[in-house]
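K.L.:
Protein chains in written order, with this note's numbering: chain A, 1 to 302; chain B, 1 to 302. Cβ coordinates follow ideal geometry from the N, Cα and C atoms, glycine included. I'd like to ask some things about the structure below.
Number of protein chains: 2
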Amino acid sequence: MPREYQFSYELRHLVYFREVARTLHFRKAAEALAVAQPALSRQIAQLELALGAALFIRSRRKVELTAAGRALAERVEPILRGLAALPGELRALAEGETGRVQVGFTGLAMATVLPGILREFHRAYPRIRLELNESPTSAQLAALAAGDIACGFFHPDATTPGLKTRELLREKNGVLLPADHALAASPSLRLRDLAAVPWVLFPRTHNPGFYDRVLAAFSRAGVTPRIAEEVWPRANAVGLVRAGLGATFMCPSEARPLPEGVTFLPLEGPAPESRLVIGWRAKETMSEPALASFLAVAAPET
Amino acid sequence: MPREYQFSYELRHLVYFREVARTLHFRKAAEALAVAQPALSRQIAQLELALGAALFIRSRRKVELTAAGRALAERVEPILRGLAALPGELRALAEGETGRVQVGFTGLAMATVLPGILREFHRAYPRIRLELNESPTSAQLAALAAGDIACGFFHPDATTPGLKTRELLREKNGVLLPADHALAASPSLRLRDLAAVPWVLFPRTHNPGFYDRVLAAFSRAGVTPRIAEEVWPRANAVGLVRAGLGATFMCPSEARPLPEGVTFLPLEGPAPESRLVIGWRAKETMSEPALASFLAVAAPET
DNA sequence: CTTCAGTGATGCCTCGCGAGTATCAATTTT
DNA sequence: AAAATTGATACTCGCGAGGCATCACTGAAG
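Next comes the structure, spelled out in structure tokens:
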């Protein structure tokens, strides 16, 4: 069913009308609009025909608004103002000066690179609003596929189909122990020294890749770990360690500054590795200006 | 300073854009709009140029919205909907089916003709809103001159310059007495029988014409009235009479139904006359459709 | 790998309509 | 009563929106 073009008037008519409604004088309005007076008269007449209502009462010496004209003037004003502002707004959007970027991140990101990126980004693009959402690697990958987030900070898994990524962090983990733990005074440790220690990890479903690499490090060290707790989000793990429930892995960057009541010790020999990348849909590199602006800060080329 | 025509695009562009944004398909959109596809392509290209931002990503096989395009689609939709509704709304306004009428009235009007008029008017024009404001005759004349009300129900004064009026009520007054008053049992009275009675009137400033006619009736009857109270609005006078503070004038219509605790007695001989007219600015009889609708009910021709 | 259907862009032409000029008709001012 | 002011009308002109034919490119089918 053809939906035919439904307006019998144009913006021009409304702009002309607004000016006549302001001045209540066809000649002055015509001058202000830089058109000849007859053209203006005809356009107003057309508008009245199109709307099916008289807008002005013209006694040859005076022009007045009718009730319909007053009502139209009130409605037209905000519409024209909004439309006049459109080009600027859209241009800002297109140039990535304005907009919204939905960002996923892990606790590791927030503990390391993210604060600095946010500070710099906000300085460079104060008019872009970020929507930040802490969520596990697996959920971020799903959200990227579904289009729920535009980019994410997560642990790189083997498979990131259709995504572009850039590595932001890669560090061998140490161990976080309660400050009063028997081993806390050691200068450094090996994983097999920690066979008796209960561990605070995170649910495997949240980040299977890293989880399996943790288990692999244990098995290379010849240790079967005892899992005391699985906790999420990440920041809570520190609390549990401080409470004496066990130890957890942590990379040096994340352990700086060191929270109260815990001790960080490097690991010799086999140890899991913390990795962090920023990832986004490859297709959107150019088509989403606000995202491009964010990537320009968070994942600069070269 | 000529305020030149400031839009480099027209409603047509926005309608075309909306259809392409809906279908994401130039040929189908062109068909729906009943134009040829090349015309549509060119109009969209013009709009993009005018707005200074790409709205669609055209890979020859697929059309997608850009960020700017999505933003425009969101803004354009309500604007076009509003503009499409305009003709109907304005036509209703112009035909007096819709709108607002500011009405002044006196207590006498509310006690007599006004309720019936309002009931009938609301049945005939349910979409016109009335703004009803009780105020004295003098204030209504000022409000009519200032344009604060469109019509009023008031006591006709000698001078109503520029107003059209129609008489709605003209009745010789009787007297309202407390039910337990010595004279309340009389079948009827003359004004001179009431020489000793204190009177409840209204401030002269509120309606000088009627007030002076009340005094004239007294003087014709050879009585100098004792004014006990001046009160406004009108309805309060009944309360004062009931409380035994004095008598007041009232026309038969206003005394029906008779309130509790008071007695209404007709007057023989000289007595003031209650008059009520509806008045409006002569110029506006035709130019204010909502007012015309109200007058059609409140002051029907002949 | 080749072919073909499908899609948006481009070139060219036509004609409708908006705009300008000249003028009119009516009303207020002097 | 004459003049000035103002919105409407008649006529012509030129821009640009629209239609038609065609191109250039893509992705799917064989």
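1. If we ignore side chains and look at the alpha-carbon of each, how far apart do A/V231 and A/L258 end up?
2. With a Cβ-Cβ cutoff of 8 Å, do B/L14 and B/L80 count as a contact?
3. Quick one: using the 10 Å Cβ neighbour count with 16 as the cut-off for buried, is B/I278 buried or exposed?
4. Within this structure, are the beta carbons of A/A298 and A/G96 separated by less than 8 Å?
5. Whole-angstrom Cβ separation of B/Q140 and B/F154, contact assumed at under 8 Å?
6. For A/E288, return the contacting residues in chain B, with the cut-off set at a CB-CB distance below 9 Å.
7. Just checking: is the beta-carbon of B/I57 within a distance shorter than 8 Å of some beta-carbon in chain A?
8. Do you know offhand how far B/E316's Cα is from B/P300's?
9. Alpha carbon to alpha carbon, how far is A/P272 from A/V214? Give it in angstroms, no decimals.
10. Does B/R234 pass the burial test, meaning 16 or more other C-beta atoms within 10 Å, or should it be called exposed?
11. Could you check whether the segment 172–182 of chain A touches the segment 249–263 of chain A, counting it as contact only if at least three pairs of C-beta atoms, one from each stretch, sit closer than 8 Å?
12. Let me know the secondary structure DSSP gives B/F26 once reduced to three states.
13. Using the C-alpha atoms, what's the distance from B/A145 back to B/L86?
14. Indicate the three-state DSSP secondary structure (helix, strand or coil) for A/V214 in the structure shown.
15. Go ahead and label B/R123 buried or exposed: buried means 16 or more other beta carbons lie within 10 angstroms of its beta carbon, across all protein chains shown.
16. Using 8 Å as the cut-off, can you tell me whether the segment 189–196 of chain A makes contact with the segment 160–171 of chain A, which would need three or more C-beta pairs spanning the two stretches below that distance?
17. Relative to the C-alpha of B/S253, which residue among B/F218, B/A217 and B/L169 is closest?
18. Counting only beta-carbon atoms, is B/E97 nearer than 8 Å to chain A?
19. Once you ignore the five residues that flank A/Q102 on each side, which residues in its own chain have a CB closer than 6 Å to its CB?
20. Compare the beta carbon distance of A/G107 and A/G152 with 8 Å and say whether it is the shorter of the two.
21. So, helix, strand or coil for B/G116, using DSSP?
22. Which partner residues of B/V277 appear in the DSSP bridge assignment?
23. Against B/L114, what residues of chain A qualify as contacts under a CB-to-CB distance less than 8 Å, listed in chain order?
24. Less than 8 Å between the beta carbons of A/L303 and A/L40, yes or no?
25. Nearest-angstrom Cα distance between A/W199 and A/R220?
26. Is there a Cβ from chain A that is less than 8 Å from the Cβ of B/L215?
27. DSSP state of A/A243, grouped into three classes?
28. Classify A/S293 as helix, strand or coil using the three-state DSSP reduction.
29. So with CB distances below 8 Å, who are the chain B contacts of A/G52?
P.N.:
Well, looking at it:
1. 20 Å
2. yes
3. buried
4. no
5. 5 Å between Cβ atoms; contact.
6. T66 and A67
7. With 8 Å as the cut-off, B/I57 counts as an interface residue toward chain A.
8. An answer regarding residue 316 of chain B cannot be provided, because it is not within the stretch 1 to 302 covered by chain B.
9. 5 Å
10. Here B/R234 is buried. Its C-beta has 16 or more other C-beta atoms within 10 Å.
11. yes
12. B/F26 carries a helical assignment under DSSP once its states are collapsed to helix, strand and coil.
13. 31 Å
14. helix
15. Flag for B/R123 reads exposed.
16. no
17. Just measuring C-alpha positions, the residue of B/F218, B/A217 and B/L169 sitting nearest B/S253 is B/L169.
18. no
19. Take A/Q102, set aside five residues on each side of it, and the residues of its chain with a beta-carbon closer than 6 Å to its own are E131, I149 and A150, in chain order.
20. no
21. helix
22. B/F154 and B/E167
23. None at all; the shortest Cβ gap to chain A is about 23 Å.
24. The requested residue 303 of chain A is not part of the displayed model; chain A covers only 1 to 302.
25. 17 Å
26. no
27. coil
28. helix
29. P87, L90, R91 and A94
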